[in-house]
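Taking my numbering, the leading residue of the sequence shown gets 171, the next gets one more, and so forth. Here is the structure we will look at, set down as structure tokens.
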Amino acid sequence: MKAPARLPDISKDWIQYMLTEYESKENSGATITVESFETGEGSEVGDGFVGSIIKLHVNAKISTHSNSSNPENKEYDLVVKLKGEDPHMGFLFEKAQVYLKEVIMYSKILVEFDNFQKNRANNQYPIYSPKFIYGKCNNEEFVLVMENIKYKGFRVHKKEETFNFEHLKMVVTQMVRLHAVSYSYNQSCSFLERNSEFEKTEYGTYFFRFANPALFDIQYEILKKEKDNDLAHKIKSNKKNLVKQCQEMHNENKYKLLCLVHGDVHAMNMMFRYTDGDENCKNPNDISLLDWQLCHWNTPVLDLQYLIYSTTSREFRKEHLEEILTFYHSSFVKATIDMGVEGLKWTYEDFKIDFNRMALYGLIRGIHLTFGHHCPEMLKNYEVEKQKAINQSNFRKTLQAPLVKLSRKYFLSSTMDSIMNFAIKASFLPYVKEITNRNNGNLASRVLGLIYEAEENGLFG
């Protein structure tokens, strides 16, 4: 049955078909009859999700061979994920196979990894993610259905607040498991030979081709307005070399160890559960990872740089960075040993060299994510305007079709890089005003903290 493309396409017939497919895996011959269902938006404007997230509650009856005369009542709380409607982003996502990779991750890879770690390490390293219900991805269709874990008490961390030690350590533990299980799995059977979709491609790093230069320009603009002319001039004069370093750090051949990385480990792509009475949500006791669309084979320090510099404060890193890195490395080594890997040649010194080599990535992702997570009103305004453009009249879409087609033809050209660099710099300029006017103290503290920490660490030359 054809997958829904938008919320209004979700029908009783499709739900019955999808849930029958799911229940039949556990109980051959099971059939679902939908009594009623409700849908609703699963995300808010400003959350930053590219695709459409839909809540789905279903009241149904399930019939099996054993209860055919007396079907069982069953309720389902689900999340349905569909493609976004932005044609440019959709084209990039299709080229980078992000929709396909997410379906494969939920339906196959996470299952294989779970079985592998159970067999090798007695279930010490499970990777937690919402239960997969149904998925479909081809040239024309994409739908992914998962359990809605909000009804199990999970919640998203407030994105405008940084992580404390307990939250970060819990996420790092999951990163260790993903990295160590995939690395160990690869030692016994080549992961990429079985799953070529997860090879790193130029489409996967496309954003950074124009975002990196733009973000160095933005740092220059911020520092000029902060009257720190020396550092502003230093970044501007070294920009060409800094952009080159950013390109070189994505060369996976420079790193001693490769594995499967999540690729998008920011605060909105994970949910935590807390003990009763923890009203301030300070001590999580469970976690679930979301959004596996950007998974690919790369150095594990990519995830660590992204996670640490997008979710923690400068003060936190001064106090805890070395402790977190030591914890990650020792946990990774132990996990690979437990899963039967022999002769691992990745000392803590090797690991730190790899981590520091990826340092500019942490700076870039930290600033970019801070813009979105610490200035929600601005992101909301941007997404509202984007949605207006998406919902424009069919006549206007027809007029723009040749331009969209032309832009796709030159998607990876230097000309398109220049256009996109200009566009993204223009979209970032309002944050400069927000920071330097101190209209948003949290935003200013986070961004300036990232820049001055990078200077302390010698990243600007």
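Using N, Cα and C, we set each Cβ at its ideal position, and we do this for glycine too.
**Report entry** Cut-off 7 Å between Cβ atoms - residues of its own chain near HIS490, not counting five sequence neighbours on either side
**Finding:** PHE335
**Report entry** Cα-Cα separation, PHE283 to LEU464
**Finding:** 18 Å
Query raised in the report: Distance, Cα to Cα, ASN607 vs LEU393?
Result: 12 Å
Query - Nearest-angstrom Cα separation, counted from GLU317 out to ILE132 - result: In the structure as shown, the chain begins at 171 and stops at 631. Residue 132 is therefore absent and cannot be evaluated.
Query - Segment contact flag, the stretch 307-322 with the stretch 521-534, C-beta cutoff 8 Å, min 3 pairs - result: no
Query raised in the report: Is DSSP giving PRO383 helix, strand or coil here?
Result: helix
Query raised in the report: Is the stretch 443-456 touching the stretch 480-495, taking contact as three or more C-beta pairs under 8 Å?
Result: no
Query raised in the report: Excluding five sequence neighbours on each side, which residues of the same chain lie with their C-beta closer than 6 Å to the C-beta of HIS436?
Result: SER480, LEU539
Requested in this report: Provide the residue span of the beta strand (DSSP E) that contains THR203, from first to last.
Outcome: 201-211
Query raised in the report: In chain order, what residues of the same chain have a beta carbon less than 6 Å from the beta carbon of HIS227, not counting five sequence neighbours either side?
Result: GLU208, ASP247
Query raised in the report: Below 7 Å between beta carbons: does that hold for PHE521 and HIS499?
Result: yes
Query raised in the report: Is it the case that the Cβ atoms of PHE525 and VAL346 are separated by a distance below 7 Å?
Result: no
Report task. Could you check the C-alpha separation between VAL273 and GLN287 for me, to the nearest Å? Result -> 21 Å
Query raised in the report: Pairing CB atoms from the stretch 371-385 with CB atoms from the stretch 412-422, are three or more of them under 8 Å?
Result: yes
Query raised in the report: On the three-pair Cβ rule with 8 Å, is the stretch 425-439 touching the stretch 397-406?
Result: no
Query raised in the report: Could you give the distance in angstroms between the alpha-carbon of LYS195 and the alpha-carbon of LEU270?
Result: 21 Å
**Report entry** Coarse secondary structure for TRP516, derived from DSSP in three states
**Finding:** coil
Requested in this report: Count the other C-beta atoms from every protein chain shown that fall within 10 angstroms of the C-beta of MET590, then say buried if there are 16 or more, exposed otherwise.
Outcome: buried
Query - Per-residue DSSP class, three states only, for CYS451 - result: coil
Query raised in the report: Can the beta-carbon of ASP473 be found closer than 7 Å to that of VAL431?
Result: yes
Query - In DSSP terms, what LYS225 is bridged to - result: GLY210, VAL249
Requested in this report: Give the range of the alpha helix (DSSP H) segment to which MET188 is assigned.
Outcome: 182-196
**Report entry** For GLY305, the three-state DSSP class (helix, strand or coil)
**Finding:** strand
Query raised in the report: With a Cβ-Cβ cutoff of 7 Å, do MET275 and ILE457 count as a contact?
Result: no
Query - Proximity below 7 Å, CB of GLU191 to CB of ALA200 - result: no
Requested in this report: Give, in chain order, every unbroken run of the alpha helix (DSSP H) that is at least 4 residues long and sits entirely within the stretch 467-508.
Outcome: 471-481, 484-508
Query raised in the report: Of all the options SER366, LEU280, GLU492, GLU519, which has the alpha carbon lying nearest to the alpha carbon of LEU427?
Result: GLU519
Query - Whether VAL351 touches TYR295 by CB criterion (7 Å) - result: yes
Query raised in the report: Going by other Cβ atoms of all chains shown within 10 Å of its Cβ, with 16 needed for buried, is LYS251 buried or exposed?
Result: buried
Requested in this report: To the nearest angstrom, report how far apart ASN237 and LEU189 are at their CA atoms.
Outcome: 17 Å
Query raised in the report: Who does TYR444 pair with in a DSSP beta bridge?
Result: PRO454
Query raised in the report: If you check the beta carbons only, do SER360 and LEU459 fall under 7 Å apart?
Result: no
**Report entry** Reference GLN475, options ILE537, LEU362, MET440, GLY212, closest by Cα
**Finding:** ILE537
Query raised in the report: Around the Cβ of VAL617, are there at least 16 other Cβ atoms within 10 angstroms (buried) or fewer (exposed)?
Result: buried
Requested in this report: State the Cα-Cα distance for the pair MET441 and ASN421, rounded to the nearest angstrom.
Outcome: 31 Å
Query raised in the report: Taking SER277 as the reference, which of PHE263, ARG290, LYS301, LEU262 has the closest Cα?
Result: LYS301
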